[in-house]
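If you read the protein sequences in the order shown, they are chains A and B.
By our numbering, the letter at position 52 of the first sequence is numbered 52, and the numbering carries on one by one without gaps.
By our numbering, the letter at position 33 of the second sequence is numbered 33, and the numbering carries on one by one without gaps.
Think of the CB as a built atom: it goes at the ideal place given N, C-alpha and C, for glycine as much as any other residue.
These numbers were taken from a predicted model, which means no experiment stands behind them.
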Amino acid sequence: DSGVTQTPKHLITATGQRVTLRCSPRSGDLSVYWYQQSLDQGLQFLIQYYNGEERAKGNILERFSAQQFPDLHSELNLSSLELGDSALYFCASSLGTSSGGYTFGSGTRLTVV
Amino acid sequence: GESVGLHLPTLSVQEGDNSIINCAYSNSASDYFIWYKQESGKGPQFIIDIRSNMDKRQGQRVTVLLNKTVKHLSLQIAATQPGDSAVYFCADQAAGNKLTFGGGTRVLVKP
């Protein structure tokens with residue numbers, strides 16, 4: 001157990017629908033990062049939050065949004081889902097924004113049918 | 001830069017042999033480097049890290065080498081075991097910025 005909790009572990013939904021993925025960072029970590037990983041591919045950075053505020057944005061579609069709440073958990077909202085959105089979505093956390101590694105959760109596998 | 005939908009290169013290695021995984025980074029301001037291991041269906045796990053004031057760091061069966069002159073990072077795994085089969089990602093970071101991940105290398109250990 002890495003200390004980063006992601007729910008749900010698996011999600012199957014239809015095209016056009018909207019889903020919310022949830023992440024609880026490791027205790028004490030203030031930064032949360034979201035990554036998308038499609039089959040047999042690398043990690044695509046989506047977005048970063050630090051202590052409730054958006055810190056950096058990557059290749060995140062306009063149909064996707066995220067937020068970090070006062071208790072530091074984060075949610076990634078995916079709307080108007082398409083087949084190509086099927087992927088593993090990882091959350092990672094870190095203490096702050098200076099140098100240091102991230103701790104990853106075990107991911108949410110999203111399947112859009 | 002960030003991985004952009006490339007299929008993963010694969011390194012096949014005989015069980016018991018040593019593995020070397022290479023990684024190039026582009027940001028000369030990067031001062032922190034890290035290797036992750038990702039097993040199938042799981043999240044990336046920390047293996048070893050190194051800061052720019054070092055050129056070599058050893059862990060248990062793993063060694064990371066850093067060549068800042070050519071912006072190159074490598075991970076050496078000694079006596080590779082079946083449990084080492086996974087995808088390995090390198091990442092680099094400049095102070096205050098997010099980690100930038102490489103595209104990953106798949107390691108397949110043959111018995």
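Contact under 8 Å by Cβ, residue i with residue j
{"i": "A:Q68", "j": "A:V32", "result": "yes"}
{"i": "A:L46", "j": "A:F64", "result": "yes"}
{"i": "A:A105", "j": "B:G43", "result": "Note that residue 105 of chain A is Gly in the sequence shown here, rather than Ala. It is a contact, given that the beta carbons lie within the stated cut-off."}
{"i": "B:Q38", "j": "B:V87", "result": "yes"}
{"i": "B:Q58", "j": "B:S19", "result": "no"}
{"i": "A:Y35", "j": "A:L43", "result": "yes"}
{"i": "A:T108", "j": "A:S86", "result": "no"}
{"i": "A:S98", "j": "A:V4", "result": "no"}
{"i": "B:V62", "j": "B:L73", "result": "no"}
{"i": "A:L72", "j": "A:P8", "result": "no"}
{"i": "A:L30", "j": "A:G84", "result": "no"}
{"i": "B:F46", "j": "A:G101", "result": "yes"}
{"i": "A:S38", "j": "A:T103", "result": "no"}
{"i": "B:A94", "j": "B:I34", "result": "no"}
{"i": "A:E62", "j": "A:T15", "result": "no"}
{"i": "B:L66", "j": "B:I50", "result": "yes"}
Beta-bridge partners of residue i, as assigned by DSSP
{"i": "A:R55", "result": "Answer is none; A:R55 lacks a bridge partner."}
{"i": "B:D49", "result": "B:I34"}
{"i": "B:N22", "result": "B:S74"}
{"i": "B:A91", "result": "B:I34, B:F101"}
{"i": "A:S80", "result": "Its beta-bridge partners do not exist; DSSP assigns none."}
{"i": "A:L110", "result": "A:L11, A:A87"}
{"i": "A:F64", "result": "A:L78"}
{"i": "A:S24", "result": "A:T5"}
{"i": "A:T103", "result": "A:S93"}
{"i": "B:S12", "result": "B:L108"}
Residue i Cβ short of 7 Å to the ligand ATP heavy atom set
{"i": "A:A56", "result": "For the ligand ATP, the structure offers nothing, since it holds no ligand at all."}
Residue-level contact to chain C via CB, residue i, 8 Å cutoff
{"i": "B:A24", "result": "Among the chains of the structure shown, chain C does not appear; the protein chains present are A and B."}
For residue j and residue i, believed in contact at Cβ under 8 Å, the rounded distance
{"i": "B:V107", "j": "B:I21", "result": "7 Å"}
{"i": "B:L8", "j": "A:D40", "result": "6 Å"}
{"i": "B:K68", "j": "B:S85", "result": "B:K68 to B:S85, Cβ: 30 Å. No contact."}
{"i": "A:P70", "j": "A:G58", "result": "Contact flag wrong, Cβ pair sits at about 24 Å."}
- Message: Does the contact criterion of 3 or more C-beta pairs under 8 Å hold for the segment 17-37 of chain A versus the segment 76-84 of chain A?
- Response: yes
- Taking one C-beta from the segment 93-103 of chain B and one from the segment 27-38 of chain B each time, how about it: are there three or more such pairs within less than 8 Å? yes
- Query: Counting pairs of beta carbons, one from the segment 5-21 of chain B and one from the segment 72-92 of chain B, are three or more of them closer than 8 Å?
  - Reply: yes
- Task: Give, in chain order, every unbroken run of the beta strand (DSSP E) that is at least 3 residues long and sits entirely within the segment 55-81 of chain B.
- Result: 56-58, 62-67, 72-77
- Just list the beta strand (DSSP E) runs in the segment 26-53 of chain A, keeping only unbroken ones of 3 residues or longer that don't cross its boundaries, in chain order. 31-37, 44-50
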